[in-house]
Amino acid sequence: DQQVKQNSPSLSVQEGRISILNCDYTNSMFDYFLWYKKYPAEGPTFLISISSIKDKNEDGRFTVFLNKSAKHLSLHIVPSQPGDSAVYFCAALFRGQGNLIFGKGTKLSVKP
Amino acid sequence: DAGITQSPRHKVTETGTPVTLRCHQTENHRYMYWYRQDPGHGLRLIHYSYGVKDTDKGEVSDGYSVSRSKTEDFLLTLESATSSQTSVYFCAISLQGQNQPQHFGDGTRLSIL
Chain A
75 DQQVKQNSPS
85 LSVQEGRISI
95 LNCDYTNSMF
105 DYFLWYKKYP
115 AEGPTFLISI
125 SSIKDKNEDG
135 RFTVFLNKSA
145 KHLSLHIVPS
155 QPGDSAVYFC
165 AALFRGQGNL
175 IFGKGTKLSV
185 KP
Chain B
5 DAGITQSPRH
15 KVTETGTPVT
25 LRCHQTENHR
35 YMYWYRQDPG
45 HGLRLIHYSY
55 GVKDTDKGEV
65 SDGYSVSRSK
75 TEDFLLTLES
85 ATSSQTSVYF
95 CAISLQGQNQ
105 PQHFGDGTRL
115 SIL
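Written out as structure tokens, the structure is:
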């Protein structure tokens, strides 16, 4: 049973517009959530994270929102740029453990 | 740059042969991890280490073993490779401890024929 779900395999957005990537989780024991970006033939790159005690974290063009009651988090990219085109993975950590649980990823395409 | 080097970057081998992948870090960090990435599965944890000679199993550990005799090196071994172990393997390190972002190497693409 998948504990971290990214239900949209792909997303296409126009340059300059907002990209919203979604992630749902099932286990309330997760207390730390992360987003990674991955380009082909490279390893995942850490993008932004959020603790379960917060509902928002912002870093430049990237904002992550956490809705604990809905067990849902989202990554907003504003404005989207062609260089943002990549696969984005949502990941979660259990309390007291370091093992990341990943979603299957969403491929974002930002068109000029 | 988290100073992670994976070797080899690509390998093709035959079913039944032993294979060892190496992850080397230059930052002296305590926590190291091995993941595999397969289409439709995201990344899944194979094994991890929280110090020299201290390792534990992850979600998909069957058919794999690991060793960490030095802080900087974490080895992943397939004792007898099978075609189902064809995958891209990523090593990661945790810079500050368990509940911190992990940083990944560029991966090893392993094909088992």
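Which chain is which? The protein sequence lines are A and B, in order. For the first sequence, my numbering puts the final residue at 186, and the numbers step up evenly by one. For the second sequence, my numbering puts the final residue at 117, and the numbers step up evenly by one. Idealized CB from N, CA, C, for every residue including glycine. Because the structure is a prediction, the values reported are computed rather than measured.
Taking the Cα positions, F108(B) is about 17 angstroms away from R72(B). DSSP places G62(B) in the coil class of the three-state scheme, outside both helix and strand. About 7 angstroms separates the Cβ atoms of C164(A) and L147(A), confirming a contact at the 8 angstroms cut-off. At a cut-off of 8 angstroms, the C-beta of S98(B) has a neighbouring C-beta in chain A. Contacts with chain A at 8 angstroms (Cβ-Cβ) do not include H33(B). Taking 8 angstroms as the threshold, the shortest C-beta distance from D110(B) to chain A falls below it.
For the C-beta of Y93(B), not a single chain A residue is nearer than 8 angstroms; the gap to the nearest is close to 10 angstroms. Between the C-alpha atoms of L121(A) and S84(B) there is a straight-line separation of about 36 angstroms. Contact annotation for Y68(B) against chain A: no contact, minimum CB-CB distance about 15 angstroms [criterion: below 7 angstroms].
Distances from the alpha-carbon of R13(B) to those of L117(B), I116(B), G111(B) put G111(B) closest. Annotated three-state conformation of S71(B) is strand, per DSSP. Linking K15(B) to A144(A) through their CA atoms gives a straight-line distance of about 43 angstroms. A straight-line Cα-Cα distance of about 30 angstroms links Q77(A) and T9(B). At a cut-off of 8 angstroms, the C-beta of L174(A) has a neighbouring C-beta in chain B.
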